[in-house]
Amino acid sequence: MSQTLANLKRRASRKVVELYQLECPADTSPNDTKSFESKYKIRDILRDLLDMLKQFENDITSSEYTLLWSFFSFKLATTFIETEERQEGRHTLREILSTLQSRPTMTGFFQAIETLAACTETTKSVLDGCIASISRSDDLQAFSGLLQSCFNSLAVVSAPSSHQPEAEGEDRPDTDVESTALHWLRRAESVFQIYSRVFGGAIKGHAPECWESLGFFDSLDFSSPTSKDTTELIKELMFETSYTTTLFMLAQNFD
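See below:
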């Protein structure tokens, strides 16, 4: 890791800690007003992070820049969803997907996701066919967790909302199929299945990057094996937790 990227991640890590403090305040008494206010404060911090990232665009690799931009944008999309601004949330998530799809190293992975998501039954032979042209690339390990989370969130924003119906004239997804939660959940499920298959059925030590690990960056000594193990454990837990979320939402979809 370059010194420039390390410095950027340290600065971002301190901001992420601020976000956690706003998301999980010490005062646990219910207060809807404070909760909503914190969402907008979180949004401001994320926009500051995106502005800070732009200053480093020419000093870090394309992959590093895209990963951080995608994580910050994903969290921004989450705040839109939480404040019932579904159109903004959907737009931001689709922008992230478009950016990842434009990376040549991700083409085979996206094709495999579409193939597997369209299958009515997932078998070993189907999975083997899907991963035939996929290698253990840096981009695969960098972006798979993010992609899984994006698909899960698109499923959430595509589900009917009892709090705020879609506004008249609001931009809709490209097709009726893509407006369903099931469409996105199938893809989230496929990400985990394909990734696990590429890495031989075990993600221990090979889990993809996750937003949560960034919050620990400033406090860890990465020359220490213990710190590396801690980071890997966080990544594994978040990837598996996101998959559990996918399965839970799929079960609800078929209930």
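Quick note: the sequence shown uses the working numbering, first residue 2, plus one each step. The C-beta atom is built at its ideal place from N, Cα and C for all residues, glycine as well.
What is the DSSP secondary structure of residue i, reduced to helix, strand or coil?
i      : result
Ala160 : coil
Asn59  : coil
Ile135 : coil
Phe81  : helix
His207 : coil
Cys25  : coil
Ser180 : helix
Ser3   : coil
Gly170 : Legend: pLDDT at Gly170 = 46, less than 50; position of this residue unreliable, value from coordinates given subsequently. Three-state result, Gly170: coil.
Val17  : helix
Asp175 : Interpretation of Asp175 is limited by its pLDDT of 46, a score under 50 that renders its predicted location unreliable; no figure is taken from the coordinates.
Leu69  : helix
Indicate whether residue i and residue j have their beta-carbon atoms separated by less than 8 Å.
i      : j      : result
Ser113 : Ile135 : First, the amino acid is wrong: residue 113 is Ala here, not Ser. Yes, these two residues count as a Cβ contact at 8 Å.
Lys40  : Thr84  : yes
Leu54  : Trp70  : yes
Gln253 : Val192 : no
Ile132 : Arg188 : no
Ile43  : Val157 : no
Ile61  : Leu141 : no
Ile204 : Phe240 : yes
Ala208 : Glu190 : no
Lys16  : Asp45  : no
Leu98  : Met107 : no
Ser64  : Asp139 : yes
Ser159 : Thr181 : yes
Phe72  : Trp185 : no
Leu251 : Gln194 : no
Asn153 : Thr80  : no
What is the residue span of the alpha helix (DSSP H) that residue i lies within?
i      : result
Ser103 : Looking at the DSSP string, Ser103 is not in any alpha helix (DSSP H), and its letter there is neither H nor E.
Phe255 : Taken as a continuous stretch (DSSP letters only), Phe255 belongs to no alpha helix (DSSP H), as it is neither H nor E.
Phe1   : In the structure as shown, the chain starts at 2 and stops at 256, and residue 1 therefore has no counterpart that could be examined.
Thr121 : Counting along the chain, Thr121 falls outside any alpha helix (DSSP H), and DSSP gives it neither H nor E.
Ser86  : One detail in the question is off: residue 86 reads as Glu in this sequence, not Ser. Looking at the DSSP string, Glu86 is not in any alpha helix (DSSP H), and its letter there is neither H nor E.
Could you check how far apart the C-beta atoms of residue i and residue j are, in whole angstroms? I think they sit under 8 Å.
i      : j      : result
Glu58  : Ser74  : Wrong, their Cβ atoms sit about 14 Å apart, outside the cutoff.
Arg91  : Leu155 : 7 Å
Ser14  : Leu147 : So it is not a contact: roughly 17 Å between Cβ atoms.
Phe261 : Leu94  : Since the first and last residues shown for the chain are 2 and 256, residue 261 lies out of range.
Phe200 : Arg104 : About 20 Å; that fails the 8 Å criterion.
Please check if any C-beta of chain C sits within less than 8 Å of the C-beta of residue i.
i      : result
Leu141 : Structure shown: chain C not included; a single protein chain is present.
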